[in-house]
Amino acid sequence: MTASTTTPSRKGRRFRFNWVDSFLWFIRITAIITIAVGITGSVQHFIAGEGPTLEQWRDLIISSISTGAMYGLIALGYSMVYGILGFINFAHGEVFMSGTMAAIIPATVLFNTGFWDAQPVLSLIIVLITAMITSVLTAVIVEKVAYRPLRGAPRLIPLITSIGVSFFIQYAFAGLFGVAIRSYPPPPGNLTEDIIIFGVPIEGTKILVIIVAILAMIGLWYFVTRTKTGRAMRAVAEDKEIAGLMGINVDRTIVTTFIVGGAMAGVAGLLWALLFRGVDFLTGFLPGIKAFTAAVLGGIGNLPGAMLGGVLLGLFEGVGPILVLDGLDIVGIDIPAVSQLRNAVAFIALVLVLVFRPTGLLGERLGSEDRA
Amino acid sequence: MKRDLKHIRALGLIAGLSMSFVAGIGMVEKFNIRVLIEPAVTMGYLVLFVMPFVAGSLAARGVPNPLVEPVRDPRANGISGLITGLIAGVFTAIFVLIIDTFDVTEFFPNMRASTVEEMTFGFGLAVGLVVLVLATTVIGGLGGTIFGLPQRVRRGLTTAGGWVLGFALFEVIVSDIFSFADFLLDLIYAPQGGLEIWSAVIIGALAWWLTARYEGRAKEFALTVRDADPKSRIRRSVIWAGILAAILLPMLLGGIVNELLINVSLFILMGLGLNIVIGLAGLLDLGYVAFFAVGAYGTAVLTSTMGSAIGPGWSWWIALPVVMVFAALAGLFVGTPVLRMRGDYLAIVTLGFGEIVRILLLSDWLTPIFGGAQGIRRIPGIPVPFLGTISGTRPELFIYFMMIFVGIAAYISYRAQNSRVGRSWAAMREDEDVAEAIGVSTVNAKLLAFITGAVIASFAGALFSAKVGTVFTNSFDVLVSIIILVVVIVGGMGSIPGVFVGAFVLIGVLGGPKSPGLLQEFAEYKLLIYGALLVFMMLKRPEGLWPSARRSRELHQEEALQDAWLDKAGEFDDDESGEVTS
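Chains as they are written, first to last, in the working numbering: chain A, 1029 to 1400; chain B, 906 to 1487.
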């Protein structure tokens, strides 16, 4: 939005090192020192035989990656909408929640009839399809009712609208499904058992989560780069007006974007059901914000970036508190119960990403209007 | 004609869906406890039947077209409304039938047998459904017919309806104000709550007659005051009358209303602060509650001797300036890293900051200082000479503190808005690059906005902790940030009176994040309504209820240009503009 976010305009003032820059450098250096000290401390602990064992670290990393893969799938929706319409769709977390919540109906029914354990694959597919359909419907309705009339409105207007939409969906679901936490039945069949890959035992659900995420990502990549609709989406993201002149139906393409984003959120809903099982009307809020962080981390508008950002964010918040914060006691900062600070670590990661590299790890891909 | 029918069908379906929705989330059932007019009109049915009424009236208007005046004809409009209502009624009836037939309570706890009973008015399924469809149809038709009536009658009806509703909905406040005239209240209100039917008729008729007679004069007076010179006698006397009323009112009002006013003014205070950040400087801050938390926890730690390891037990008056400095530093600290971010990244980063603050306050790590989940207790109130310590237990005195600080914040906003800083904020809000090019230091302007906003929020925090006496992290949820945002937006971004209007309408009537408003029944659903309201305002009236002149010009710039263009086009060719519409 501002010229000052890009480097060229900074270069002109090479010799003016104002206090804002100093402050940013202060943040950068403090962050690096804190992380370095923390990791050193943890390594020391590890060598001294304190803290988590190697097996515990491994399990932690694997579960962080699978949580991160789920964030990545939600992040795709943020990234695509941002790439095309140029605003943060706050309600995307709720799109994810709607699918997760609705799919509890078939899951419970199937579980009660015994079908769940008899036909695990089929059951999961039914749950997946329900979650996807609900999420897609939510996304499309939201687009039509709330965002379409606001095309071309000042930038903050759709953003504020999406906050309103997000609240409306949350409390509409609270009204419909009640406020209590509902629980998915335990994963069917022998999914929870460990599977040994390269001599490393890994919990079956986590492998399934990672495989599903990879498959979804491949499907999406094929769709965006190899199909006509995908090309239309990229064209609209680049320049809506010219894409329209080239005979692309802009409205329909934008709806397609919401459909694809919603479908990915629906897949993430299934993964949530497998990983955490519990769901209530606020379930979408934190994963939503974290997924946006992941999208920024990877570079907004950049689809592989979103997935990478998701996995990295999962690692940051899963491993970070224990690796960095627990190790800080070698300099006398003793933080009890570091896992409480998990969410704070995720948000600090967001701030640091934006301070260190606002364009994300793989670079942002934005349309001509948003790039400026 | 075909388009109109499609329009009617769509409206009918939307109304039916909305009716099914409010029934399905249990709103009708829960609101039905509250009787508005003896014996039939309850709040639940009001919420339910507002849908076909509005849909009927919209259907009568026809497909929206700015170039054509809608046809006003009671009979034709009434028929459109009737059809709309019929569709809505049938839709709802089918919904009720479905939830009666299938047991879905396992997943949708609010779609239970008692819901069906409320929706069929206790007449049993068959008769009840017929009554439901008929009632919806008639109310839809009524909506249409009223749209078609001549303007004079329509306005009379709306004012009368508005006043009756006001008296019925705000029974608590009316009783509280007129508690000295008990016999009158007993006359108007039924013993178990709600207006008596005849008193509703009298209030309506009286309102109609009074507005018809005096509205013109009142408007004239308002216009004279508005256009008068700020230093003129009439303007001054109005302002003095306002101040006098503000001083006298809390003495006359009862505890409930004062308590409510304190809550409202707390949000006015925060709204004014956020208005500077969002409305004037155009920085979307979603973590505003963090500064409120700094103010509240700062005061709590400095004045309380319980729950915190520091606890110097200072007086509130000494703590206040220290807290203000802390808040300003916090504003600087949050503001600096986000200076060069895109507007919408700023939103999410500030949201993140707000959450970080809350998580840190709650964490075991900082429990010795901030009390963790226990919070900080026994915060003394505000010591005042001759009056003792004033805290939330004495709302009739505490309200004056709120008024003073609201006054200070409003004065700061007003002066800032019309100063050099205010103009640089406006320039920055419009276009940062251009602002920088004409010599506005956007760094300073942004930081100043953040700091001013933070300090005003810390006032609110300091007052809040003195009022409640205990602070928990619960009171500093993201929700609070969002609710302040809704207050500012509903009132009108960048508009100082707008913040007052927004806070009174939302916090006063619907209720704040933790405190109930006048309509206590809404408690469970208020966030649903907040969300819907935010979307509605953004779509239909982005400039807010009481817009600032500059802001509404900005938002409607395009329309104004379009109008000018249309006028110009009309000069050349008059009948072609008529062709376009058909």
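From the three backbone atoms N, C-alpha and C, an ideal C-beta is built for every residue, glycine too.
Just so it is clear, the structure is predicted and the values come from calculations on it, not from any experiment.
(request) For P1177 of chain A, decide whether its Cβ has a neighbour in chain B, counting only Cβ atoms nearer than 7 Å. (result) Proximity of P1177 of chain A to chain B, defined by a Cβ-Cβ separation below 7 Å, is satisfied.
(request) For S1220 of chain B, count neighbouring C-beta atoms within 10 Å of its own C-beta (all shown protein chains included) and say buried if the count is 16 or more, exposed if not. (result) Exposed.
(request) Tell me whether E1345 of chain A is buried or exposed, calling it buried when 16 or more other Cβ atoms sit within 10 Å of its Cβ. (result) buried
(request) Below 7 Å CB to CB, which residues in the same chain sit around N982 of chain B once its five sequence neighbours on both sides are set aside? (result) A965, G1049, T1050, F1052, G1053
(message) With a threshold of 7 Å between beta carbons, is N970 of chain B in contact with chain A?
(response) no
(message) Quick check: is the beta carbon of F1013 of chain B nearer than 7 Å to any beta carbon in chain A?
(response) yes
(request) Please list the segments of the beta strand (DSSP E) lying wholly inside the segment 1329–1400 of chain B, counting only runs of 3 or more residues, in order along the chain. (result) none
(request) Could you name the residues of the same chain whose beta carbon sits closer than 6 Å to that of L1266 of chain B, not counting the 5 residues immediately before and after it, in chain order? (result) F1275, T1378
(request) Can you pull the chain A residues whose beta carbon is under 9 Å from the beta carbon of L1439 of chain B, in chain order? (result) I1188, T1189, I1191, G1192, V1193, F1195, F1196
(request) For Q1368 of chain A, go through chain B and note every residue whose CB falls closer than 9 Å to its CB, in chain order. (result) I1264, L1267, S1268, D1269, W1270
(request) Would you kindly check if the distance between the Cβ of A1291 of chain A and the Cβ of V1123 of chain A is under 7 Å? (result) Not in contact: V1123 of chain A and A1291 of chain A (Cβ atoms no closer than 7 Å).
(message) Distance check for A1186 of chain B and Q1198 of chain A, CA to CA, integer angstroms please.
(response) 30 Å
(request) Can you tell me which of the three DSSP states V1009 of chain B falls into? (result) coil
(message) Rounded to whole angstroms, what is the Cα-Cα separation between L1128 of chain B and V1392 of chain B?
(response) 27 Å
(message) My output table needs one value for Y1193 of chain B: the three-state DSSP class, helix, strand or coil.
(response) coil
(request) Please confirm if V1009 of chain B has its CB atom under 7 Å from at least one CB of chain A. (result) no
(request) Grab the span of the alpha helix (DSSP H) containing G1048 of chain B for me, first residue to last. (result) 1030–1053
(request) Quick one: residues in its chain with C-beta nearer than 6 Å to the C-beta of Y1299 of chain A, no 5 flanking neighbours on either side, listed in chain order? (result) For the record, residue 1299 of chain A in the displayed sequence is Leu; it is not Tyr. The residues are M1098, V1237.
(message) Does the CB of L1204 of chain A have a neighbour CB from chain B at under 7 Å?
(response) yes
(message) Contact defined as beta carbons within less than 8 Å: I believe A1334 of chain A pairs with P1213 of chain A. What is the distance between those atoms, to the nearest angstrom?
(response) Going by Cβ atoms, the distance from A1334 of chain A to P1213 of chain A rounds to 30 Å, so no, they are not a contact pair.
(request) Give a yes or no on whether the minimum CB-CB distance between N1371 of chain A and chain B is below 7 Å. (result) yes
(message) To the nearest angstrom, how far is the alpha carbon of V1206 of chain B from that of G1192 of chain B?
(response) 21 Å
(message) Which of the three DSSP states is assigned to V1228 of chain A in this structure?
(response) The answer is strand: DSSP assigns V1228 of chain A an E or B state.
(request) Answer yes or no: does any C-beta atom of chain A fall closer than 7 Å to that of D1005 of chain B? (result) Taking Cβ atoms only, chain A never reaches closer than 7 Å to D1005 of chain B, which makes this a no.
(request) Go ahead and pull the three-state DSSP assignment for M948 of chain B. (result) Note: M948 of chain B maps to helix in three-state DSSP.
(message) By the three-class DSSP mapping on this structure, what secondary structure does Y864 of chain B have?
(response) The structure shown does not extend to residue 864 of chain B, since chain B is modelled only from 906 through 1487, so no value can be given for it.
(message) So that I know if they touch, is there some Cβ in chain A lying closer than 7 Å to that of D1478 of chain B?
(response) For D1478 of chain B, the predicted model reports a pLDDT of 45, less than 50, meaning its position is unreliable and no value from the coordinates is stated.
(message) Below 8 Å on the Cβ atoms is my contact criterion, and I expect V1348 of chain B with V1048 of chain A to pass it. Report the Cβ-Cβ distance as a whole number of Å.
(response) The Cβ separation is near 6 Å, so the contact holds.
(message) Strictly below 9 Å CB to CB, what residues from chain B border I1376 of chain A?
(response) G1257, I1261
(request) At 8 Å on the CB atoms, spell out the chain B contacts of V1383 of chain A, in chain order. (result) P1242
(request) Report buried or exposed for Q1322 of chain B, applying the criterion of at least 16 other Cβ atoms within 10 angstroms of its Cβ. (result) buried
(message) Among the candidates B:G986, B:L1423, B:W1270, whose CA atom is the shortest distance from the CA of A1372 of chain A?
(response) From the listed residues B:G986, B:L1423, B:W1270, the smallest Cα separation to A1372 of chain A is found for B:W1270.
(message) I'd like to know if Y1099 of chain A contacts chain B, where contact means its C-beta is closer than 7 Å to some C-beta of that chain.
(response) no
(message) Given this structure, state the Cα-to-Cα distance separating V1376 of chain B from R1263 of chain B, to the nearest angstrom.
(response) 12 Å
(request) Let me know the secondary structure DSSP gives D909 of chain B once reduced to three states. (result) helix
(message) List, in chain order, every chain B residue whose beta-carbon is nearer than 9 Å to that of A1322 of chain A.
(response) None at all; the shortest Cβ gap to chain B is about 12 Å.
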